[in-house]
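Using the working numbering, you'd call the opening residue of the sequence shown number 398 and step up by one each time.
Glycine included, every Cβ here is placed at the ideal spot set by N, Cα and C.
From a predicted model like this one, the values you see are computed outputs, not experimental measurements.
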Amino acid sequence: MIYQYWDEKMETLPRPELEAYQLRQLKAVVSYALKTPFYRERLGGAGIRRADDVKSLEDLKRVPFTTKHDLRDGFPYGFLSIPQEEVVRLHASSGTTGAPTTIYFNKEDIARWTNFVARCIYGTGCNRADVFQNMISYGLFTGGLGFHQGGEAVGMLVIPSGTGNTSRQFRLMRDFGVTVLHATPSFLLYLESMMREEGVLRESLKLKKAFAGAEPYSEDTRRRIEELLKIDVYNSYGLSEMNGPGVAFECQRKDGLHLWEDGYIPEIVDPDSLEPLPDGEIGELVLTCLCREASPMLRYRTRDLSAFYTEPCACGRTHRRIRRITGRTDDMLIINGVNVFPSQIEEVIMAIKEVGNNYLIVVEKEGVLDRLTVKTEVGPSIFMDDARPLNALKERIRKTIQASITINPRVELHQPGALPVSEGKAKRVQDDRPRDV
Ligand code: DLL
C-alpha cells in the first residue's frame, strides 16, 4: 500500500526529534499558561515559575491534573491567557455531562488546528478531487467548523450540510457526486435505514469514505456501517478541550488511531490511583495541548478510556496509536453491583446481523433490585408479526448479553425507526433509577 502523508517529515519524525519538538512546544505553552492565575498557582506549586524551569518532558509529570471541574470553576475567562482583542473564536463543549466549558483561539491556533484536521483527512487517502459532505452540527460544537476548515485546507469541495433532513442529505449526495461523508456513527446508521425507506439506490451515489466520531462505537458497528453503506469508515477522535476533532485519527490501515504527538502529549493513567499504566493497558487518557496559545490546557483528564498500542504502525508514522475509545470513566453503570460499560452491550448486539441499527439501554429500579432492559430495533429482514423467529432472536440477544456482562437483561424488539434518534451525539443509556441524595 502507498501511504499518503500531509506532512511527511513531521508525521514520520524519529522519536528523539519528536520529543525534542514536544519539549520546545511545552515550554512555549507553559509560558502562556503562566499568564493565567489558575496555572500560575498550579505550576508554581510544581516549582515551575518560568518556562525555562521546564527542563525535560518528565517535568510535566510534576504538574497536577486539570479536570472539567477546574474548567467550570474558571468559566468564562479563567483559562484565557491572551488579551481578548487577540481572540478570534470560541467554542464550547456540548455540556451533556454538565455546564458547558469554553475554549478560545487566536488566529494561529485556528491555523494549527486546521492543519491537524487536514492531516487526518489527507491521511485516509482523500484529496482535492473529493466532494465532502459535512453532516455534523455547525456552531459552538467543534465538529462542524473543525472538519469544514480541514476539508477546505485539503482542497476538497466542502458541503456544509449539517445534521438532520435525510431527504436533503441524499439529494446533495446525488446532485454533487459526494465521495466523502462526516457524521456521528449513529447518524450514519440512521442514514442507512432512511436510505432504504426513501428508496435511494446505493448505485446512484459515489460514496467512498466516511469519518465517524464524536461518540463511542464498537468495531462491529464500524463493520456494519461499512457493509451496509459500502464505504470505508475511519475513526476520528477529539474533544473541545483539545480544540475539537483532529487529536487522533485512523490512517489507511484502520488499526488504531494515531495521536498527533506534535500537538498533544498523551498519558494513560489508572483512573483511581492516577498512576501511569504500562503500554497496552486500558486506562484514562490524559492530554496536554501543545498547539494552542489562547487557552492552555495541561494534563487534562479526558475521562476517556483507551490504551497505547505497543507496536509501531506499518504506515511509517512515528506518532503513537491509541485503541478506539471504549467508553468514559463516568459512563460506567453499576447494575446490581456489577460494573457495565454501555460499549460492552453495543459490542455484542451489533455483531448479531438480525439486530437493526438503533438501540437503547434502560436501567430501572424494581423493588430493591436494578433491572436492565435492552431495546433494539430489528433489521429489515425480520417481520414483526412472525412471533417464532422474533422470540428466538430475543432469546439469542438475551443469552449473548448475559454471557458478556453476567447480567440477565430483559430484551425488547422494536420496528426499524421506532426508537428515538438524536440530532447530535446518540443517547444510548436511560438510567431511570432514583438518584441517591
Ligand atoms: O466530540 C469533538 C469531535 C467532533 C470529535 C467530531 C470527533 C468528530 P466534545 O463535544 O467536546 O468534542 O466531546 C468530546 O466525545 O471526550 C469522547 O468522550 C467522545 N468522543 C469523541 N470522539 C470519539 C470517538 C467532540 N472517536 C468527547 N470515539 C470525548 C469515542 C469519542 N468517543
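Once the 5 residues before and after residue i are set aside, which same chain residues still bring their CB inside 8 Å of it?
i      : result
Glu761 : Asp767, Arg768, Thr770, Asp829 and Arg830
His716 : Glu408, Leu415, His655, Leu656, Trp657, Glu658 and Asp659
Gln827 : Leu757, Ile758, Val759 and Val760
Ile746 : Val752, Tyr756, Val771, Thr773, Ile794, Thr797 and Ile798
Cys648 : Tyr400, Gly520, Thr521, His655, Cys710, Cys712 and Arg714
Leu410 : Tyr418, Asp659 and Thr715
Pro434 : Gly475
Ile662 : Gln419, Leu423, Leu454, Leu457, Leu684, Thr685 and Leu687
Gly677 : Ala704, Phe705, Tyr706 and Thr707
Buried or exposed: which applies to residue i, given that a residue is buried once 16 or more other Cβ atoms fall within 10 Å of its Cβ?
i      : result
Asn733 : exposed
His466 : exposed
Asp728 : buried
Gln481 : exposed
Arg714 : buried
Ile399 : exposed
Gly632 : Per the sequence shown, residue 632 should be read as Asn rather than Gly. Flag for Asn632 reads buried.
Gly547 : buried
Ile500 : buried
Val834 : Residue placement at Val834 is poorly supported in this model, since its pLDDT is 49, which falls under 50; the coordinates still yield a value, given next. So Val834 ends up on the exposed side.
Thr803 : exposed
Arg516 : buried
Asp527 : buried
Glu763 : exposed
Pro668 : buried
Gln812 : exposed
Ile722 : buried
Pro777 : exposed
Arg568 : exposed
Leu636 : buried
Ile533 : buried
Ser692 : buried
Thr806 : The residue you asked about is not Thr; residue 806 is Pro in the sequence shown. Looking at its Cβ environment, which holds 16 or more other Cβ atoms inside 10 Å, Pro806 is buried.
Ser478 : buried
Ala789 : exposed
Pro642 : buried
Ile731 : exposed
Ser670 : exposed
For residue i, list the residues DSSP reports as bridge partners.
i      : result
Leu391 : Nothing can be reported for residue 391: it is not among the residues displayed for the chain, which extend from 398 to 834.
Gly641 : Leu636
Ser359 : Only positions 398 to 834 of the chain appear in the structure, and residue 359 is not among them; the question remains open.
Phe646 : Ser633 and His655
Ala489 : Thr499
Glu664 : Val683
Val731 : Just to set this straight, residue 731 is Ile in the shown sequence, not Val. Per DSSP, Asn736.
Pro813 : Answer is none; Pro813 lacks a bridge partner.
Thr463 : Tyr697
Gln827 : Val759
Pro673 : Val666
Ile556 : Gln530
Arg725 : Asp701
Arg718 : His655
Near residue i, what residues of its chain come up, given a Cβ to Cβ distance below 6 Å and the 5 sequence neighbours on each side ignored?
i      : result
Leu626 : Glu589
Val775 : Gly753 and Leu810
Thr464 : Arg698
Tyr706 : Gly653 and Arg718
Ser490 : Pro497, Thr498 and Ser637
Val808 : Val771, Lys791, Ile794 and Arg795
Leu602 : Met570
Met781 : Gln812
Ile779 : Glu751
Met591 : Thr563
Asn736 : Met729
Can you name, in chain order, every residue of its own chain whose Cβ lies under 7 Å from the Cβ of residue i, other than the five neighbours on each side?
i      : result
Val666 : Glu672, Pro673, Leu674, Gly680, Glu681 and Val683
Asp450 : Gly444
Gly615 : Checking the sequence shown, residue 615 turns out to be Ser, not Gly. So the qualifying residues of the chain are Ser740, Glu743, Glu744 and Met747.
Ile628 : Leu604, Lys605, Lys606 and Ala607
Glu549 : Val555
Ala823 : Thr581, Ser583 and Glu612
Asp783 : none
Gly561 : Glu820
Arg725 : Arg700, Asp701 and Leu702
Between residue i and chain D, is there a C-beta pair that is closer than 8 Å?
i      : result
Glu647 : The structure shown contains no chain D; it is built from a single protein chain.
Checklist entry - What alpha helix (DSSP H) runs, 4 residues minimum, are completely inside the stretch 737 to 810? => result 739 to 746 and 784 to 802
Next on the checklist: Which complete beta strand (DSSP E) runs does the stretch 576 to 620 hold, if anything under 3 residues is left out?
Outcome noted: 577 to 580 and 606 to 610
Checklist entry - What are the complete alpha helix (DSSP H) segments, minimum 4 residues, inside the stretch 499 to 532? => result 504 to 519
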